[in-house]
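Peer 1:
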Amino acid sequence: MVKSGTLRRVLVSISLLLLAGCIARSGPSENAITRESNDLAGFTLIEMNAQRVANYRVQPATDAAGTPGVPPAPPTSLSSGDVMKIHISETTGGSIFAPLASGGSSFDNVRVDYKGTISLPYVGRIKVAGLDPPQVEAAIRKRLEGIAVEPQVYVEIVADRGSSVLVSGEVRNPGRFSMLEGPLTLVDAIAKAGGATQPPYQIDVVIRRGTSVKRIPLERVLNGNNQQLRAGDEVTLERDAKVFNALGALAKTGQIDFPKTNPSLMDAMAQAGGLADTRASNTGVFVFRLHEPKAWRDADGKWREGPAVFQFDMSKPETIFIAQAFGVRNDDTIYVTNAPAVEWVRTLEPIAITLATVRSSIGTQTALEGQLFSGD
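Just remember that the working numbering sits 768 ahead of the position in the sequence shown, which is counted from 1.
#1: Check whether the Cβ atoms of residue 844 and residue 931 sit closer than 8 Å, and answer yes or no.
#2: Return the chain-ordered list of same chain residues with a C-beta closer than 6 Å to the C-beta of residue 816, the five sequence neighbours on each side being excluded.
#3: Going by alpha carbons, who is nearest to residue 964 out of 1006, 849 and 1053?
#4: Which of the three DSSP states, helix, strand or coil, is assigned to residue 811?
#5: Compare the C-alpha of residue 890 against each of 977, 916 and 1098 and name the closest.
#6: Got a sec? Which residues, its chain only, sit under 6 Å from residue 1051 by beta carbon, not counting five neighbours each side?
#7: Relative to the C-alpha of residue 818, which candidate in 1096, 1092 and 1100 has its C-alpha closest?
#8: Using 8 Å as the threshold, is the region 1031-1042 in touch with the region 1065-1075, meaning 3 or more CB pairs across them?
#9: Nearest to residue 1096 by CA position, among 987, 1028, 1072 and 885, is which residue?
#10: Measure the C-alpha to C-alpha separation of residue 803 and residue 1059 and round it to an integer number of angstroms.
#11: Put residue 986 into one of helix, strand or coil per three-state DSSP.
#12: Here's the rule I'm using: 16 or more other beta-carbon atoms within 10 Å means buried, otherwise exposed. How should residue 755 be labelled?
#13: Here's the rule I'm using: 16 or more other beta-carbon atoms within 10 Å means buried, otherwise exposed. How should residue 822 be labelled?
#14: Mind checking which residues open and close the alpha helix (DSSP H) that includes residue 799?
#15: With a threshold of 16 other CB atoms inside 10 Å of the CB of residue 979, please say whether the residue is buried or exposed.
#16: Would you identify the three-state DSSP class for residue 1087, choosing helix, strand or coil?
#17: In the structure shown, what three-state DSSP assignment does residue 819 receive?
#18: Restricting to Cα atoms, I'd like to know which of 1004, 974 and 990 is closest to residue 984.
#19: Using a Cβ-Cβ cutoff of less than 6 Å, which residues in the same chain neighbour residue 1146 once the five nearest sequence positions on both sides are dropped?
#20: Do you know whose CA, among 997, 962 and 954, lies nearest residue 990's CA?
#21: How many Å lie between residue 875 and residue 956 at the Cα?
#22: Ignore the nearest five residues each way along the sequence and tell me which others in residue 941's own chain have a CB closer than 6 Å to its CB.
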């Protein structure tokens, strides 16, 4: 028969083993972070103050002077599928084409076929792919030499495919837009497509021109770095999410979009709902950054890159201003530790549960032993 004292020891031992795995938190404690601060092979701990924040300030927004003079559009070249209106007239009456005085002869909806050619009466089949309208006019006049009297030729493109740009991706009205009305810039084309569906700082513009591919942040385009487009360009707006990670004792945790182009720590914390008042340690606000160009200085005083952890003591009033000046970067992690009192309660809670379980088990065992002895 198992004695009460033996049972008690067994239960306590099992409970203590279980207790070792019961205390959990969403990340390291404040002491665990600060204790590793001298390990440069791991990370550099930077306690943020008014002097140090100057090296990590919010990047100011910069605006260029504007788009330099947009160059004239290159000549419009015809290609298969384009549709033209061709007007031919002669100087005298009684000829094969109507005279200029009566308006001449018009040929509407002349389409360039898959071979790049068109066909007209008395002109025959003529190759026009790759030619611009003035060159087509000259080619037709040459064909009419000796047939028509001083022919006048006018060519107008009424529908084009080759002289257009395609806009797709994160725009409200994707489609193909003609350049017949004049040259198109990136800003023109995006405006014709209804504008971007996301904030400019969350969008990249990809321009495909033949085998060439160019990527430009939309914010740069709008800040004076507009680009001239060419016929046949494909413009795609792609989402390039700028996010930070919120962990620990914050009101909202997870991966959160930037609230604006260059957010400060205060902006980011506000986006995350601020500190969780009942859990957060106001001295344990940290920003983890994997690649920081100014992580530490070497013996020569030169900045070296490396992982860095920035610590903010929010119990000091001046830290509010420091947090407003400190710039958060893409993929930073904001981590807030639990307050010491919360850690203490979290430690005591499983111990109390364990002791209550042991006490209940011992009471049950004592009652069983009493029943057995009374039965004897």
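Each residue gets a CB set at the ideal place from its N, CA and C atoms; glycine is no exception.
Peer 2: On the basis of the data shown:
#1: yes
#2: 1078, 1080 and 1090
#3: 1006
#4: coil
#5: 916
#6: 1081 and 1083
#7: 1092
#8: no
#9: 1028
#10: 21 Å
#11: helix
#12: With the chain running from 769 to 1144 in the structure shown, residue 755 is simply not present.
#13: exposed
#14: 798-803
#15: exposed
#16: helix
#17: coil
#18: 974
#19: As displayed, the chain neither begins before 769 nor continues past 1144, which places residue 1146 out of reach and without an answer.
#20: 954
#21: 32 Å
#22: 961 and 962
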